[in-house]
Amino acid sequence: MSPRTKQQFEKIRKTRKDKILTVALELFAQNGYQGTSIAQIAKKAKISKGLMYNYFKNKEKLLEEIVLEGFNKIMELDYGLSKSDKPTDKLKSLIDETLNNLSNNLHYWQLYTVLLVQPRVQKKFEKKFYQFREFFITTMTEIFKGLGSNNPELHSFLLGTHFDGLALNFIATPDDFPIEEIKQALYEQYCKPKRKKKK
C-alpha cells in the first residue's frame, strides 16, 4: 500500500473531529454537560480516550467548539443580504433561509436547543448570545429602515422574538408545523413597505 497523502490525513482528521462533535452534542443534550464525561464521548465515537485529547484539550474546549459551531451555522446563512438591493426581497430571503435551515437540520437544532438552555452553558456563553442578538438587530434595523418603518429597531426585535418562538414550537412539534403558511404570514406582517402617515 502507498503511504497516505497529507490531504488524506487531513480528511481523516476532519471526519474524526466531526464525529466527536456530533456524539458530544448528542450526549450533552441527553445527559447534560455536567453529566457527560470525555470517556463516554470517546466510547460512543469509537475512539480511544487518549486520541480524544489530540482533538480537544478538555471537555470545556469541546463544548466551546460545539456552541460556536451553531452560531457559525447561523452566521453563514447569507440571508439574501448580498442578493438584492430591495429590502423586501432581503427580508423574504431571510425568512426563507431561517425556516428552511430549521426544517432541513431539525435533529441538529433539537439537540443544540437542549444544550443551550442548560444553565451552565447559558452563563458561559451569555456574552456571545448578546453579541449575536446585537448583530441581528443591527442588520434587521437597516432593512426595516429601507421599508419605511417608523420604529425599525422595534420591528427587528419583534421579528427576532417571532423566530425564537417559531423555532421552539417547530422543534417540539415538527409534524404539526405548517412552515409554508407561516412563511406567507411573516411576509404579510413584515415585508410590506410601510406607508408614512399623512400629517
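In my numbering, the protein residues as written are 1 to 199.
Built from N, CA and C at the ideal position, the CB exists for glycine as well.
| Item | Value |
| --- | --- |
| Just the C-alpha distance for ALA45 and ALA24, rounded to the nearest angstrom, thanks. | 9 angstroms |
| Quick check on the DSSP output: the alpha helix (DSSP H) that includes PHE177 runs from which residue to which? | Premise fails: PHE177 is in no alpha helix (DSSP H) and is neither H nor E. |
| Give me the residue from ASP164, HIS107, TYR112 with the minimum Cα distance to ASN72. | TYR112 |
| Let me confirm a value: GLY70 is counted as buried when at least 16 other C-beta atoms fall within 10 Å, else exposed. Which label applies? | buried |
| Which residues mark the beginning and the end of the alpha helix (DSSP H) in which LYS43 is found? | 38–45 |
| Considering just the uninterrupted stretch of the alpha helix (DSSP H) at VAL121, what are its terminal residues? | 119–124 |
| Going by beta-carbon coordinates alone, are PRO119 and PRO193 separated by less than 9 angstroms? | no |
| Between the region 141–150 and the region 87–96, can you find at least three pairs of beta-carbon atoms closer than 8 angstroms? | yes |
| Would you mind working out which of LYS127, LEU159, LYS124 sits nearest THR139, comparing C-alpha positions? | LEU159 |
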